[in-house]
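Heads up: the sequence shown begins at 89 in the numbering used here, then just goes up one per residue.
A short worksheet on the structure shown next.
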Amino acid sequence: MENPRAFLKALFDAAVQAALPQADIARFLPDKPKGRTVVIGAGKGAAQLAQAVEAVWDGPLSGVVVTRYGYGAPCQKIEIIEASHPVPDAAGLVASKRLIEAVQGLGADDLVIALITGGGSALLPCPPEGVSLADEIALNKALLASGAPISAMNTLRQHVSGIKGGRLAMKASPAKVVSLIVSDIPGDNPTFVASGPTVPDRATVQDALDVVAQYGLDLPAPIMAHLHRVTPPPALPDFARNEAHIIASAGVSLQAAKRVAEAGGIPTEILSDALEGEAREIAKMHAALAKYGTGPRLLLSGGELTVTLKGGGKGGPNGEFMLAFAKEIEGHGNIHALSADTDGIDGSEDNAGAFADGGTWARIRAHSDPAALLANNDAWRALYMAGDLFITGPTGTNVNDFRAILIL
Numbered sequence: 089m090e091n092p093r094a095f096l097k098a099l100f101d102a103a104v105q106a107a108l109p110q111a112d113i114a115r116f117l118p119d120k121p122k123g124r125t126v127v128i129g130a131g132k133g134a135a136q137l138a139q140a141v142e143a144v145w146d147g148p149l150s151g152v153v154v155t156r157y158g159y160g161a162p163c164q165k166i167e168i169i170e171a172s173h174p175v176p177d178a179a180g181l182v183a184s185k186r187l188i189e190a191v192q193g194l195g196a197d198d199l200v201i202a203l204i205t206g207g208g209s210a211l212l213p214c215p216p217e218g219v220s221l222a223d224e225i226a227l228n229k230a231l232l233a234s235g236a237p238i239s240a241m242n243t244l245r246q247h248v249s250g251i252k253g254g255r256l257a258m259k260a261s262p263a264k265v266v267s268l269i270v271s272d273i274p275g276d277n278p279t280f281v282a283s284g285p286t287v288p289d290r291a292t293v294q295d296a297l298d299v300v301a302q303y304g305l306d307l308p309a310p311i312m313a314h315l316h317r318v319t320p321p322p323a324l325p326d327f328a329r330n331e332a333h334i335i336a337s338a339g340v341s342l343q344a345a346k347r348v349a350e351a352g353g354i355p356t357e358i359l360s361d362a363l364e365g366e367a368r369e370i371a372k373m374h375a376a377l378a379k380y381g382t383g384p385r386l387l388l389s390g391g392e393l394t395v396t397l398k399g400g401g402k403g404g405p406n407g408e409f410m411l412a413f414a415k416e417i418e419g420h421g422n423i424h425a426l427s428a429d430t431d432g433i434d435g436s437e438d439n440a441g442a443f444a445d446g447g448t449w450a451r452i453r454a455h456s457d458p459a460a461l462l463a464n465n466d467a468w469r470a471l472y473m474a475g476d477l478f479i480t481g482p483t484g485t486n487v488n489d490f491r492a493i494l495i496l
């Protein structure tokens with residue numbers, strides 16, 4: 089193969105294309121109601137979904153959607169608000185208020201279409217009584233540094249919010265709420281995507297407190313006081329007519345990439361579409377599979393990896409995965425890999441992820457100590473030095489991590 093990186097990029101593109109539900113969204117839309125149709129949404133791909141709904145909906149509608157800065161899409165009838173991710177800001181607070189206003193005062197003949205994608209948790213800050221935006225920002229920062237899986241993060245977020253955990257759907261009652269969800273959650277549990285603003289929260293306050301204890305979270309006193317107050321779950325009758333549909337997921341995307349690879353004659357194995365755990369530890373497992381076996385073959389995996397921050401570097405879980413993977417495959421010229429977030433941003437920097445091959449570790453060593461950079465969680469800087477960053481810009485979807493390892 090003359091250009092392994094072009095091949096890996098083509099696989100990523102196929103995975104992203106399969107996660108863009110715009111072309112197929114019409115089949116998930118409900119029948120027109122007797123009353124009003126209101127569109128709400130949150131997440132890194134929510135604006136593109138709003139645009140797609142406008143294009144195919146035959147009838148009047150209005151609404152408001154919040155997405156990450158730079159991820160907007162032009163809409164005629166649906167207001168698009170941009171806010172901060174992965175740490176909330178005041179714009180997100182305004183967006184939460186606008187979404188709540190949009191669904192209040194609706195009747196039983198009205199319809200709410202909720203467009204939910206990954207990233208909505210940070211984009212919908214809505215502190216409960218006694219908790220401030222600064223407290224919610226501190227909560228998000230603590231979670232991002234904790235190494236907790238996304239399901240645990242969102243269990244806690246749901247219980248420190250006036251909008252998550254089904255509370256937005258409660259405010260829309262008695263209108264019917266139909267949620268169209270692009271899942272970035274291993275296992276595709278709709279409750280956890282964007283912390284489930286329109287899907288009932290089945291977890292308990294004790295579950296949230298268990299997350300605090302398990303990951304040693306040092307949270308602001310107002311949040312702990314809130315968690316120790318009795319917080320009744322959403323009343324289930326409010327959700328009796330509601331529907332939730334997963335319209336795109338990591339599993340579908342990996343199958344699309346597999347079809348492309350096998351059409352090119354490369355035997356392909358999907359390891360899992362729901363991997364979780366520390367990025368550098370999962371990297372060691374992937375490297376072992378790549379080193380011990382014959383090619384040509386391709387290994388694919390998805391899911392949501394985490395990084396427990398111990399240093400002050402820059403990067404995200406895909407970068408940390410690739411840097412740790414590069415260490416393990418040093419000198420293996422027949423191995424080429426790509427790890428990237430399908431939303432186009434890995435962590436807080438401008439890259440979706442990174443490539444790595446048997447020479448990556450040595451290319452970094454020509455500029456700095458790669459082991460020290462890995463210890464400092466400084467994958468972005470290390471892979472920048474190697475010339476291995478993978479930059480796509482916003483993709484319009486989010487089904488989480490995509491990993492492809494090519495063994496020749």
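Virtual Cβ for every residue (Gly too), placed ideally from N, Cα, C.
- Distances from the alpha-carbon of T485 to those of A161, F116, I225 and A362 put A161 closest.
- Annotated three-state conformation of E437 is coil, per DSSP.
- The three-state secondary structure of K122, taken from DSSP, is coil.
- In terms of Cα proximity to L181, the closest of I204, Y159, D198 and G208 is G208.
- Assignment of F443 by DSSP, reduced to helix, strand and coil, places it in the strand class.
- Of the candidates L108, G123 and E170, the residue whose Cα lies closest to the Cα of A140 is L108.
- Beta-bridge partners assigned by DSSP to G253: none are found.
- Each of R290, G206 and P458 was checked against the Cα of I335, and the nearest Cα belongs to G206.
- Excluding sequence positions up to five before and after K120, its CB lies within less than 6 angstroms of the CB of G147, all in the same chain and listed in chain order.
- With fewer than 16 neighbouring CB atoms inside 10 Å of its own CB, K122 falls in the exposed class.
- Straight through space, the alpha carbons of S436 and S249 are spaced by roughly 23 angstroms.
- When the alpha-carbon of V154 is set against those of G275, V200 and P213, the nearest one is in P213.
- Around the Cβ of G353, a 10 Å sphere holds fewer than 16 other Cβ atoms; the residue is exposed.
- In the structure shown, D431 adopts coil according to DSSP, grouped into three states.
- Contact between the region 242-257 and the region 276-289 is present: three or more C-beta pairs spanning the two stretches fall below 8 angstroms.
- In chain order, D434 and G435 place their CB closer than 6 angstroms to the CB of G404, counting only its own chain and leaving out the 5 sequence neighbours on each side.
- Counting only the Cα atoms, R385 lies some 42 angstroms from P176.
- By the beta-carbon neighbour count (other beta carbons within 10 angstroms, threshold 16), S427 is buried.
- Counting along the chain, T394 sits inside no alpha helix (DSSP H); it lies in the beta strand (DSSP E) bounded by residues R385 to T394.
- The beta carbons of D429 and D489 sit about 6 angstroms from each other, so the pair counts as a contact at 8 angstroms.
- Residue environment analysis places L496 among the exposed positions, since fewer than 16 neighbouring C-beta atoms fall within 10 angstroms of its C-beta.
- In this structure, I238 lies near E392, with their beta-carbon atoms less than 7 angstroms apart.
- Contact between the region 406-416 and the region 459-479 is present, with at least three C-beta pairs closer than 8 angstroms.
- Annotation: the continuous alpha helix (DSSP H) that includes R347 extends over A338 to A351.
- A440 places its beta carbon less than 7 angstroms from that of T480.
- Looking from the CA of T243, the closest CA among V281, A233 and P216 belongs to V281.
- If you look at D298, you'll find it in the alpha helix (DSSP H) that goes V293 to Q302.
- By the Cβ test, the region 91-104 is in contact with the region 339-346, since at least three Cβ pairs between them sit closer than 8 angstroms.
- When Cβ pairs closer than 8 angstroms are counted between the two stretches, the region 225-234 is seen not to touch the region 265-283, the count staying below three.
- In the DSSP annotation of this structure, the continuous segment of the alpha helix (DSSP H) that includes K379 starts and ends at A367 to K379.
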